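Heads up: the sequence shown runs through residues 12 to 502, numbered per this note's numbering. Glycine residues also receive a C-beta, built at the ideal position from the N, C-alpha and C atoms. Nothing here was measured: the structure is a model prediction, and the numbers come from that model. Here the structure is laid out as structure tokens; the discussion comes afterwards.
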Amino acid sequence: MEDEDLNQQEHDGTPSQMSPLEAEDRGYTLFRILDREFTIKVSKHRWAVVLVFSCYSMCNAFQWIQYAAINNIFMYFYGVSSFAIDWLSMCYMLAYIPLLLPVAWLLEKFGLRTIALAGSALNCLGAWVKLGSLQPHLFPVTVLGQVVCSVAQVFILGMPSRIASVWFGDDEVSTACSIAVLGNQLGIALGFLVPAVSVPNIDNPDELAYYISIMFYVTAGVATLLFILVIVVFKEKPKHPPSRAQCLSYALASTDASYLSSIIQLFKNLNFVLLVITYGLNAGAFYALCTLLNRMVIFHYVEEGVIVGRIGLTIVLAGMLGAVISGIWLDRTKTYKQTSLVLYIMTLVGMAGYTGTLNLGHLWIVYITAGIIGFSITGYLTLGFEFAVELTYLESEVVSSSGLLNVSAQVFGIIFTISQGQIIDNYGTMPGNIFLCVFLTLGAVLTAFIKADLRRQRILRIVPKTKPQEGEEEKDSKSSKAPTTVQKEHF
């Protein structure tokens, strides 16, 4: 049964018009903050929203890494350098940096649904453009298609924490954020595996064009289907705020704060600045590793292109497990600082092991170290979003937790990819991987200096905990509860 709207309008802070007893009997929780009253209830539709988002994020991530996964094959087909193919991955990183603030403004102005439609539409368009690049002389067309997909990514990458906070309850936000990130990671996994097994390393350009066309057509078909699903399924917001944190955010957020003033405030927050740097170092290393994985593996295991897909798949599947576990763990413990430090150290250990064993010829060791890297890095990526929300609570999530963290990741990703690629070309894979280890060590040290100033949790501690209801519950006509009330002096 569809939820009824108990407010005069959709939930934007308008007071509830029902009595506490009536609200309780119908499965709602009343929450009063300052002079505004909210009804808290989680929507069953939240799972459909996060699932659809995860799916089109998956499709976009697949298109990010599909060229790098078979770098050597696309080099031969288009007759370009490995650096040119690397830029098909790095254009995703480059596009995000200047487009963050415009997209953040669009999100605040037009809402989640508009941004979801724009992201899925651009992802679909880019996939179809690539179908015009199935001849060796049409490399500029495939670049154009990839650039369109990279713009779509700007509308996608910053959404997980926003979707989690708008649609999910206080004890679900980290898990929901991890599910949203999971789609992106699954896309990377498929981006490593599918091209490696579906596009053979052959010398006939016509046959090669045929196999590439199959991959491009399937991708375009999936992207189109997902765009249709976004139109049908993705809603702007639930009828009622799902959590106390969201009520507080609506009631306390400044309506006239500019993005510039918000960014200035964020950069006065030393803990957040440290997190921006450490997140960028960690995610940048992950981007470089994914982009250059084909070149590193082929360097030591010639004619073993399928192994690249399997190692990449290992990294991402282990990462999906890490994302889920870290999300559930954070929802239960709220130990953001401690967990981030443990995952950072695990990433460094895994990277050191990968660096020392890649050239030994023992693939089973490479799979183990790659799995450790994937588990810890992806778990950290999920944690970083939620940690930033805690450190900057009531600031715009698109600018802070999603935006600036991702800008840092893209900047370091470009620097690390170009630098490590040059080191590999001139000195080999071990010096290139040692280069990443040095910066991961720096990130782990800086993480230790971040103070766990959990602002959202601190505010919520002064608010009596209430459990939002999801469906109809047993009525208790003999009891009634007054609305939970928070006065101005609490802040």
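So is Arg-343 buried or exposed if we call it buried at 16+ other beta carbons inside 10 Å? exposed
Got a sec, what are the start and stop residues for the alpha helix (DSSP H) Asp-182 sits in? It is not in any alpha helix (DSSP H) - Asp-182 carries neither H nor E in the DSSP assignment.
What does the alpha-carbon distance come out to for the pair Glu-484 and Leu-193? Low confidence applies to Glu-484: its pLDDT is 38, below 50, so where it sits in the model is not reliable enough to give any reading.
Is it true that the CB of Ala-106 sits closer than 8 Å to the CB of Val-158? The answer is yes: Cβ separation under 8 Å.
Straight-line CA distance for Leu-219 to Thr-325? Just so you know, the alpha carbons of Leu-219 and Thr-325 end up roughly 26 Å apart.
Can you tell me which of the three DSSP states Tyr-78 falls into? helix
Would you report the Cα separation of Thr-350 and Asn-293, rounded to the nearest angstrom? For Thr-350 and Asn-293, the distance between alpha carbons rounds to 14 Å.
Whole-Å CB distance - Leu-303 paired with Thr-389, under 8 Å assumed: No, Leu-303 and Thr-389 are not in contact; Cβ-Cβ is about 18 Å, not under 8 Å.
Would you list, in sequence order, the uninterrupted alpha helix (DSSP H) runs of no fewer than 4 residues that lie entirely inside the stretch 410-465? 416-438, 440-459
Please report the Cβ distance between Leu-354 and Tyr-347, rounded to the nearest whole angstrom; I am assuming they are in contact, meaning their Cβ atoms lie under 8 Å. Not quite, the Cβ-Cβ distance comes to about 11 Å (not below 8 Å), so this is no contact.
Which of the three DSSP states, helix, strand or coil, is assigned to Met-170? Of the three classes helix, strand and coil, the one that applies to Met-170 here is coil, per DSSP.
Spatial distance of Ile-432 from Gly-443 (CA atoms): Rather than Ile, the amino acid found at residue 432 in this sequence is Gly. Approximately 7 Å between the Cα atoms of the pair.
Whole-angstrom distance between Met-226 and Leu-328, CA atom to CA atom: 21 Å
From what residue to what residue does the alpha helix (DSSP H) around Val-400 run? 374-402
With 16 other Cβ atoms within 10 Å as the buried cut-off, status of Trp-98: buried
Here's a check: name, in chain order, each residue in its chain whose Cβ is nearer than 6 Å to the Cβ of Ala-127, leaving out the five neighbours to either side. Val-241, Phe-245
Let me confirm a value: Leu-201 is counted as buried when at least 16 other C-beta atoms fall within 10 Å, else exposed. Which label applies? buried
So Gly-295 and Ile-199 are supposed to be a Cβ contact under 8 Å. How far apart are they, rounded? Actually they do not touch by this definition, with Cβ atoms about 15 Å apart.
When the distance is taken between beta carbons, is Gly-320 closer than 8 Å to Ala-207? Yes; because the gap between Cβ atoms is below 8 Å, this pair is in contact.
Mind reading off the beta-carbon distance from Ser-189 to Val-335? Whole number of angstroms is fine, and I expect it under 8 Å. 6 Å
So what's Phe-238 in DSSP terms, helix, strand or just coil? Residue state, collapsed to three classes: helix.
Go through its chain and collect everything with a Cβ distance to Cys-135's Cβ below 8 Å, but skip five positions before and after it. Ala-231, Ala-234, Thr-235, Leu-237, Phe-238
Distance between Lys-279 and Trp-178 (C-alpha atoms, nearest Å): 30 Å
Report the rounded CA-to-CA distance for Pro-147 versus Ile-288, giving the unit in angstroms. 40 Å
According to DSSP, simplified to helix, strand and coil, what is Phe-278? helix
Check this for me: beta carbons of Ser-68 and Ile-167, under 8 Å apart or not? In this structure, the beta-carbon distance from Ser-68 to Ile-167 falls below 8 Å.
Buried or exposed for Tyr-438, going by 16 or more other Cβ atoms inside 10 Å? Looking at its Cβ environment, which holds fewer than 16 other Cβ atoms inside 10 Å, Tyr-438 is exposed.
May I ask you to report which of helix, strand or coil DSSP gives Glu-247? coil
Given a threshold of 16 other Cβ atoms within 10 Å of its Cβ, counted over all protein chains shown, does Val-449 qualify as buried or as exposed? exposed
Is it buried or exposed for Ala-191, if we count other Cβ within 10 angstroms and need 16 for buried? Result: buried.
Coarse secondary structure for Pro-206, derived from DSSP in three states: Looking at Pro-206 - three-state DSSP - the assignment turns out to be helix.
Decide yes or no for the touch test of the stretch 106-120 against the stretch 414-421: beta carbon pairs closer than 8 Å, at least 3 of them. Counting C-beta pairs with one atom in each stretch, the stretch 106-120 and the stretch 414-421 have three or more that are closer than 8 Å, which means they touch.
Since I believe Asn-71 is in contact with Arg-306 (beta carbons under 8 Å), could you give me their beta-carbon distance rounded to a whole number of angstroms? Rounded, the Cβ-Cβ distance is 23 Å, inconsistent with contact.
Which residue marks the beginning of the alpha helix (DSSP H) containing Ser-100, and which one marks its end? 93-121
When Asn-195, Tyr-78, Asn-212, Glu-183 are compared against Phe-150, the one with the closest alpha-carbon: Tyr-78
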